[in-house]
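Novice:
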Amino acid sequence: MRSRPARPDGRAPRLPRRTGVGCGIMGHVLATDGRVRTGRRARGIVLALLAGMVTTLAAGAPAHAAPLVGIQSGGILSSADTAEANDRELAAEARLHVKVVRFEVSWAALEPRASGERDPAVLAKIDAFVDGAARRGIRPILFIDRTPCWASSAPADVRGDCSGPDANRDAVWRYAPADPVSAVPVATFLSQRYGTRLAAFQLWNEPDQSNEKYWAGPNKIAGYVAFAKALYPALKAVSPTVPVLAGSFVGADGRWLTALYKAGIKGSYDGIAVQFYDLPLYALRTTRAVQRKYGDTAPLWMTEFGYTSCSGRNGRPTHAADHPCVTQAVQAQNLGDVFAAVSRTSWVKATVVYALYDESSSYQFGVIDRQGRHKPSYSVVSRAGKARRLRTQRMHLTRRGRSIRVAGTAPGIDIYTMKVSIGGVLRYRAIIRPNRLNRFTVTLPAVLGTGHMKVTLRRQWDGRTVGARR
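Going by the UniProt record's numbering, the residue at position 452 of the sequence shown is 452; the numbering climbs one at a time, nothing skipped.
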């Protein structure tokens with residue numbers, strides 16, 4: 001998580017600049033329609049994916065099991081991690097009433113020296129975690145990452161001879177496995193050992209991150225597809241009923257998934273894991289549209305999503321962060337809105353919040369702060385399984401000189417289409433995203449005048465539309 005995704009070639013994508021009418025604290029106009037001649041350059045960015053963004057995907061029939069609600073747990077990343085700390089975390093997660101936890105196992109910690117040569121202390125801690133989860137009615141979504149030196153594709157001058165206490169340092173383990181098949185024994189060992197006590201087995205973590213923290217090296221797409229093709233049949237052979245999740249990506253525009261399909265990944269998974277932090281409903285809809293294009297009906301598992309509450313009550317960030325800072329109140333609103341939106345969506349199987357605890361001043365994603373206090377988001381997660389409605393956007397029109405200002409509030413988890421009609425004729429259209437306070441303000445071009453207009457605001461996720469007249 002926590003960084004801009006890479007292009008299929010490993011380079012960071014170009015994202016639309018947040019500029020134009022209503023930028024900054026006012027909200028963002030992402031695109032405008034050229035129906036109005038203003039006599040000056042139109043302010044706003046026309047997105048190449050505009051046609052795709054205005055397509056609403058059906059949310060699915062309501063008669064289905066609601067998505068599993070979960071939270072990101074800790075993990076066994078080294079021999080220093082204690083079973084006691086993980087058990088305390090599991091107890092806190094049980095009080096939160098979650099059904100699944102996402103749990104990371106460091107391959108480098110479990111098999112630091114050779115395939116099959118497992119650290120007994122690390123394995124005992126993994127056993128304790130899975131057993132503790134089972135006692136509490138919780139199932140882990142388990143994933144391995146962190147390639148041990150002996151299997152790493154790190155360049156020789158980085159890897160060295162894999163000897164010494166720092167052989168499995170982060171500069172080495174962040175590289176993908178040199179041979180995907182080398183991960184088959186450890187993956188099948190874990191899946192067979194824990195079986196149906198697992199909710200799913202996830203194939204790695206965020207291979208498309210531009211920071212290359214988890215899947216460094218060239219040929220990322222081909223390497224990841226080969227990895228999925230090697231592990232999927234082996235995992236199904238030992239634990240046929242445990243879902244295998246591939247993808248594990250953060251990129252929301254569909255390009256990474258498209259590249260995976262073109263490289264042949266389809267069929268090497270039971271579900272697709274996605275980890276969307278920005279505009280998750282837009283990202284889900286875009287991803288599902290790509291799936292449909294390639295004839296893929298596999299469900300999506302939201303294995304990470306969340307918001308960092310690093311803003312003060314006035315909405316201003318209190319710390320620098322590489323994700324938009326929100327207030328604790330907005331964090332709770334956004335999590336609740338995501339739960340409400342996907343509760344009737346048959347193709348979303350899990351919603352896993354990142355995370356249980358705040359990590360730092362910048363990464364306040366937790367539902368519990370670093371002093372152990374419950375944030376407003378805590379009660380939202382604990383009640384996530386109960387039916388609720390996605391909040392409706394609201395707006396009002398006011399005159400400002402020779403122009404009309406459109407202002408309002410809307411769930412900040414999606415984008416919206418605003419249309420302005422005069423005399424029944426569409427004269428102006430814009431794609432809008434709310435700001436970090438879930439508000440927006442747009443001043444319409446003066447050429448539209450100040451009367452006889454109808455303004456509508458349509459949510460892209462479900463087509464919910466509100467209107468106002470002047």
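C-beta atoms are modelled at their ideal positions from N, C-alpha and C, and glycine is treated no differently.
Judging by CA-CA distance, which residue of Val447, Gly264, Ala200 is the nearest neighbour of Ala273?
Specialist: If you number the sequence shown from 1, residue 273 lands on position 273. Nearest C-alpha to Ala273 among Val447, Gly264, Ala200: Ala200.
Novice: Run through the stretch 96-147 for me and flag every whole beta strand (DSSP E) of 3 or more residues, listed as ranges in chain order.
Specialist: Runs of the beta strand (DSSP E) lying entirely within the stretch 96-147 and spanning at least 3 residues, in chain order: 100-106, 139-145.
Novice: The beta strand (DSSP E) with Val455 in it runs from where to where?
Specialist: In the sequence shown, residue 455 corresponds to position 455, counting from 1. Segment 453-459, the beta strand (DSSP E) holding Val455.
Novice: Give every residue of the same chain whose Cβ lies closer than 7 Å to the Cβ of Ala61, excluding the five residues on either side of it in the sequence, and list them in chain order.
Specialist: Counting from one through the sequence shown, the residue named residue 61 turns up at place 61. Confidence in Ala61 is poor, its pLDDT being 42 and thus under 50, which makes the residue's placement unreliable; the coordinate value appears in the next sentence. Here the set comprises Ser346.
Novice: Mind checking Met453: buried by the 16 CB within 10 Å criterion, or exposed?
Specialist: Locating residue 453 in the sequence shown gives position 453, where the first residue counts as 1. Buried, since its Cβ has 16 or more Cβ neighbours within 10 Å.
Novice: Is Tyr357 helix, strand or coil by DSSP?
Specialist: Walking along the sequence shown from the start, residue 357 turns up at place 357. Three-state result, Tyr357: strand.
Novice: What residues are listed by DSSP as bridge partners for His396?
Specialist: Counted from its first residue, the sequence shown places residue 396 at position 396. Ala407, per the DSSP bridge assignment.
Novice: From the DSSP secondary-structure annotation, give me the bridge partner or partners of Phe440.
Specialist: As a position in the sequence shown, residue 440 is number 440, starting the count at 1. For Phe440, which the question treats as bridged, DSSP gives the partners Gly408.
Novice: What is the DSSP secondary structure of Leu426, reduced to helix, strand or coil?
Specialist: Here the question's residue 426 lines up with position 426 in the sequence shown. Look at Leu426 here: in three-state DSSP terms it is strand.
Novice: Could you name the residues that DSSP lists as bridge partners for Pro177?
Specialist: Within the sequence shown, residue 177 is the residue found at index 177, counting from 1. Bridge partners of Pro177: Ser152.
Novice: Could you spell out the range, first to last residue, of the beta strand (DSSP E) harbouring Ala468?
Specialist: Along the sequence shown, one-based indexing puts residue 468 at 468. Run containing Ala468: 465-469, per the beta strand (DSSP E) assignment.
Novice: My output table needs one value for Thr450: the three-state DSSP class, helix, strand or coil.
Specialist: By 1-based counting over the sequence shown, the position of residue 450 is 450. If DSSP states are grouped into helix, strand and coil, Thr450 belongs with coil.
Novice: Am I right that Ser210 and Ala178 are in contact with their C-beta atoms under 8 Å? What's the rounded C-beta distance?
Specialist: Your numbering for residue 210 matches position 210 in the sequence shown. Your numbering for residue 178 matches position 178 in the sequence shown. About 22 Å; that fails the 8 Å criterion.
Novice: Strictly by DSSP, which residues pair up with Gln328?
Specialist: Stepping through the sequence shown from its first residue, residue 328 is reached at position 328. Among the bridge pairs identified by DSSP, Gln328 is matched with none.
Novice: Applying the 10 Å Cβ sphere with the 16-neighbour rule, what's the burial state of Arg373?
Specialist: The residue given as residue 373 occupies position 373 in the sequence shown. Looking at its Cβ environment, which holds fewer than 16 other Cβ atoms inside 10 Å, Arg373 is exposed.
Novice: Can you list, in chain order, the residues of its chain with a C-beta nearer than 7 Å to that of Trp150? Leave out the 5 residues immediately preceding and following it.
Specialist: Residue 150 sits at position 150 when you count from the first residue of the sequence shown. Taken in chain order, the residues that qualify are Arg113, Ala114, Cys162.
Novice: Under the DSSP definition of a beta bridge, which residues are partnered with Ser311?
Specialist: As a first step, residue 311 is located in the sequence shown; it is residue number 311 there, counting from the start. DSSP lists Pro317 as partners of Ser311.
Novice: For Phe305, name the three-state secondary structure that DSSP assigns.
Specialist: Numbered from its first residue, the sequence shown carries residue 305 at position 305. Three-state result, Phe305: strand.
Novice: Any idea what DSSP makes of Lys293, helix, strand or coil?
Specialist: Against the sequence shown, residue 293 aligns to sequence position 293. In the structure shown, Lys293 sits in a helix (DSSP, three-state: H, G or I).
Novice: Name the residue from Thr398, Val466, Arg458 whose alpha carbon lies nearest to the alpha carbon of Gly449.
Specialist: Locating residue 449 in the sequence shown gives position 449, counting from the first residue. Selected option, being the one with the closest Cα: Thr398.
Novice: Quick one: what's got a C-beta closer than 6 Å to Gly223's C-beta in the same chain, skipping five residues either side?
Specialist: The residue given as residue 223 occupies position 223 in the sequence shown. These residues qualify, in order along the chain: Ala176.
Novice: May I have the straight-line CA-CA distance separating Val381 from Arg433, to the nearest angstrom?
Specialist: Working through the sequence shown from its first residue, we reach residue 381 at position 381. Working through the sequence shown from its first residue, we reach residue 433 at position 433. Going from the Cα of Val381 to the Cα of Arg433 covers about 24 Å.
Novice: Considering only DSSP beta bridges, list what Thr241 is partnered with.
Specialist: Position 241 of the sequence shown, counted from the start, is the residue given in the question as residue 241. Beta-bridge pairing links Thr241 to no other residue.
Novice: Are Leu260 and Ala187 close, meaning C-beta to C-beta below 8 Å?
Specialist: Locating residue 260 in the sequence shown gives position 260, counting from the first residue. Locating residue 187 in the sequence shown gives position 187, counting from the first residue. Cβ distance not < 8 Å, so Leu260 and Ala187 don't count as in contact.
Novice: Going along the chain, which residues of its own chain have a beta-carbon closer than 6 Å to the beta-carbon of Gln328, five neighbours each way excluded?
Specialist: Stepping through the sequence shown from its first residue, residue 328 is reached at position 328. Cβ within range, chain order: Ser309, Lys375, Pro376.
Novice: Quick check on the burial criterion: 16 or more other C-beta atoms within 10 angstroms. Buried or exposed for Gln371?
Specialist: Taking the first residue of the sequence shown as 1, we reach residue 371 at position 371. Exposed is the call here.
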